[in-house]
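Worksheet for the structure shown next.
In the working numbering, the protein residues as written are 2 to 108.
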């Protein structure tokens with residue numbers, strides 16, 4: 002099957018074995034910002050409808066709220082993200098969104 006990406010310029014893709022796929026609940030206040038934070042090897046898909054949700058779950062696509070996404074999928078990858086570009090420039094948007102979670106939401 003084809004899955005719709007959550008990117009601004011959405012497209013339909015096939016799942017590949019070496020990529021991690023996830024979805025962030027669109028009702029989460031951080032979902033728009035999080036859709037722009039994709040570390041290498043990860044793709045965010047559009048949130049599934051109730052009818053399609055079992056297919057996502059069967060395929061191992063992680064369905065998260067914003068806090069789970071940051072805690073389970075981004076924070077563990079921060080060292081690699083920081084080291085992936087000169088002077089931590091690649092990590093800047095990830096750290097800014099983490100700051101918004103911790104200081105703005107008291108998460």
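Yeah, the Cβ is synthetic: ideal placement off N, Cα and C, and Gly gets one too. From a predicted model like this one, the values you see are computed outputs, not experimental measurements.
>> When you compare the stretch 41 to 54 with the stretch 13 to 28, are there three or more beta-carbon pairs, one atom per stretch, that lie closer than 8 Å?
In response: yes
>> Classify residue 36: buried if its beta carbon has 16 or more other beta carbons within 10 angstroms, exposed otherwise.
In response: Here the question's residue 36 lines up with position 35 in the chain shown. Looking at its Cβ environment, which holds 16 or more other Cβ atoms inside 10 Å, residue 36 is buried.
>> Can you tell me where the alpha helix (DSSP H) holding residue 64 begins and where it ends?
In response: On the chain shown, position 63 is the one that residue 64 refers to. Per DSSP, residue 64 belongs to no alpha helix (DSSP H); it is in the beta strand (DSSP E), 63 to 65.
> Touching or not, the stretch 50 to 62 and the stretch 70 to 84, by the rule of three or more beta carbon pairs under 8 Å?
Replying inline: no
>> Buried or exposed, going by whether 16 or more other CB atoms sit within 10 Å of the CB of residue 32?
In response: Locating residue 32 in the chain shown gives position 31, where the first residue counts as 1. It counts as buried.
> Expressed to the nearest angstrom, what Euclidean distance is found between the alpha-carbon atoms of residue 11 and residue 53?
Replying inline: Translated into the one-based positions of the chain shown, residue 11 becomes position 10. Translated into the one-based positions of the chain shown, residue 53 becomes position 52. If I take the Cα positions, the gap works out to 18 Å.
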